[in-house]
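Under our numbering, the first residue of the sequence shown carries the number 3, and numbering increases by one thereafter.
What follows is a short report on a single structure.
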Amino acid sequence: MTGRFDTTTQKIGMLALAFTIFLVATLAGFAALAVAVILIGAASPFLVQALDMPSRPWWLLPTSLTAALLAALGVVVAIHQVSAEWWILPFVLFAVISGTSILSNMTKHRCALCHRRLGPHAITFGCPRCGLEVCDDSCWSFEHRRCRMCEENHVPILPSQSQWWDRYLGPRVQQGRCQLCMASPEQSDLRGCGHCHRPQCRDCWDQNNGECSRCGWVMPNLPEPLKTFAVHIPAQMEN
Numbered sequence: 003m004t005g006r007f008d009t010t011t012q013k014i015g016m017l018a019l020a021f022t023i024f025l026v027a028t029l030a031g032f033a034a035l036a037v038a039v040i041l042i043g044a045a046s047p048f049l050v051q052a053l054d055m056p057s058r059p060w061w062l063l064p065t066s067l068t069a070a071l072l073a074a075l076g077v078v079v080a081i082h083q084v085s086a087e088w089w090i091l092p093f094v095l096f097a098v099i100s101g102t103s104i105l106s107n108m109t110k111h112r113c114a115l116c117h118r119r120l121g122p123h124a125i126t127f128g129c130p131r132c133g134l135e136v137c138d139d140s141c142w143s144f145e146h147r148r149c150r151m152c153e154e155n156h157v158p159i160l161p162s163q164s165q166w167w168d169r170y171l172g173p174r175v176q177q178g179r180c181q182l183c184m185a186s187p188e189q190s191d192l193r194g195c196g197h198c199h200r201p202q203c204r205d206c207w208d209q210n211n212g213e214c215s216r217c218g219w220v221m222p223n224l225p226e227p228l229k230t231f232a233v234h235i236p237a238q239m240e241n
């Protein structure tokens with residue numbers, strides 16, 4: 003609610019400022035107004051992008067500022083007549099804003115999955131499994147700490163070589179069940195946690211980003227991209 007109020011206030015403030023500038027420039031003469039039209043038309047899309055204000059639908063910004071220019075011209079016309087060339091400027095303003103908006107959108111980053119254009123304050127994450135930079139809005143899984151594509155396709159990140167697992171988790175566990183998927187030693191390769199010694203299968207270790215689901219212990223020597231997202235348990239818990 004507060005965010006929406008702030009955005010509305012920004013829009014009203016920008017329109018009021020534009021109207022004031024247009025009015026002063028109109029009173030100063032045609033040349034001053036033409037310069038104001040070019041400058042505001044070229045700067046306004048980048049200002050909206052910098053303030054992270056909603057810019058959809060595309061026609062909203064040029065229409066609003068053109069209306070502010072027409073209102074300023076209406077005030078001046080009530081005082082004295084203006085020549086026909088003055089009425090070309092609203093069309094020029096609309097065209098300049100539309101063209102600059104296209105250029106502004108072309109400079110925005112896109113989410114690598116949904117391809118949505120991202121504003122300057124958008125939050126993105128680099129997926130440790132596929133390396134894609136994705137938006138936090140719909141393409142990042144906070145629970146699993148990976149992009150939605152890797153989550154849906156169960157993309158692995160831990161090495162598949164048994165020697166690697168032997169080195170950091172010890173030999174296969176021959177009894178018990180995986181504490182996540184309940185797989186038996188005959189069904190999956192179970193490895194014990196280095197802290198609580200509860201077993202998890204290799205697939206669940208991978209899906210859980212190298213963390214024990216029971217005590218939160220994190221495997222040593224995780225792949226570099228995964229270390230950024232690893233949450234280590236306090237030292238006193240390991241003792």
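For glycine and all other residues, C-beta sits at the position ideal for the given N, C-alpha and C.
Buried or exposed (CB count within 10 angstroms, at least 16 for buried), residue i
{"i": "G178", "result": "exposed"}
{"i": "W207", "result": "buried"}
{"i": "E213", "result": "buried"}
{"i": "I125", "result": "exposed"}
{"i": "T68", "result": "buried"}
{"i": "G5", "result": "In this prediction, G5 has a pLDDT of 45, which is less than 50 and means its spatial position is unreliable; nothing more can be read from the coordinates."}
{"i": "S186", "result": "exposed"}
{"i": "A80", "result": "exposed"}
{"i": "N211", "result": "buried"}
{"i": "T11", "result": "exposed"}
{"i": "C141", "result": "buried"}
{"i": "C198", "result": "exposed"}
{"i": "R193", "result": "buried"}
{"i": "R169", "result": "exposed"}
{"i": "S85", "result": "exposed"}
{"i": "F64", "result": "Phe is not the amino acid found at residue 64; the sequence shown has Pro there. When all chains shown are included, P64 counts as buried."}
{"i": "Q202", "result": "buried"}
For residue i, the nearest candidate out of the options (CA to CA)
{"i": "G218", "options": "W61, P227, R200", "result": "R200"}
{"i": "L53", "options": "G15, C149, V84, P64", "result": "G15"}
{"i": "S66", "options": "H82, A97, N210, Q163", "result": "A97"}
{"i": "W88", "options": "L71, Q12, L120, G101", "result": "L71"}
{"i": "L134", "options": "H146, C116, H123, A27", "result": "C116"}
{"i": "Q209", "options": "N223, C152, C198", "result": "C152"}
{"i": "S46", "options": "H146, I99, C203", "result": "I99"}
{"i": "W167", "options": "G196, V94, F32", "result": "G196"}
{"i": "A73", "options": "R112, Q83, T22", "result": "T22"}
{"i": "Q163", "options": "M55, D205, H82", "result": "D205"}
{"i": "V1", "options": "K229, L171, G31", "result": "What is shown of the chain runs 3 to 241, which leaves residue 1 out entirely."}
{"i": "S106", "options": "T230, L95, N223, V50", "result": "V50"}
{"i": "P222", "options": "T230, L171, S215", "result": "L171"}
{"i": "I90", "options": "A36, M55, H123", "result": "A36"}
Between the CA atoms of residue j and residue i - distance to the nearest angstrom
{"i": "I42", "j": "A20", "result": "8 Å"}
{"i": "A38", "j": "F24", "result": "7 Å"}
{"i": "Q238", "j": "P130", "result": "Confidence at Q238 is low in this model, with a pLDDT of 40, below 50, so the placement of that residue is unreliable and no value is reported for it."}
{"i": "V268", "j": "W60", "result": "What the structure shows of the chain is the stretch from 3 to 241, and residue 268 is not part of that stretch, so it cannot be assessed."}
{"i": "C132", "j": "C149", "result": "8 Å"}
{"i": "F48", "j": "I104", "result": "11 Å"}
{"i": "E226", "j": "L160", "result": "11 Å"}
{"i": "Q176", "j": "S143", "result": "33 Å"}
{"i": "L29", "j": "F127", "result": "50 Å"}
{"i": "P236", "j": "V220", "result": "Low local confidence applies: a pLDDT of 41 at P236 is under 50, so the model's placement there is unreliable, and no value is given."}
{"i": "W26", "j": "R119", "result": "Before going on, a small fix: residue 26 reads as Val here, not Trp. About 36 Å."}
{"i": "A190", "j": "D139", "result": "The sequence as given places Ser at residue 190; Ala does not occur at that position. Approximately 35 Å between the Cα atoms of the pair."}
{"i": "C183", "j": "H111", "result": "39 Å"}
{"i": "P173", "j": "Q165", "result": "9 Å"}
{"i": "L75", "j": "A44", "result": "20 Å"}
{"i": "I40", "j": "L17", "result": "16 Å"}
{"i": "L228", "j": "E188", "result": "29 Å"}
{"i": "P92", "j": "A34", "result": "14 Å"}
{"i": "A114", "j": "V136", "result": "5 Å"}
{"i": "L62", "j": "E154", "result": "37 Å"}
{"i": "L95", "j": "H82", "result": "22 Å"}
{"i": "G121", "j": "H146", "result": "25 Å"}
{"i": "C180", "j": "T102", "result": "58 Å"}
Quick check on the DSSP output: what are the complete beta strand (DSSP E) runs of length 3 or more inside the segment 160 to 220, in order along the chain? 192 to 194, 201 to 203
Can you give, in chain order, each stretch of the alpha helix (DSSP H) that sits fully within the segment 21 to 69 and has at least 4 residues? 32 to 52
Note down, one range per segment and in chain order, each beta strand (DSSP E) of at least 3 residues found wholly within the segment 72 to 129. 126 to 128
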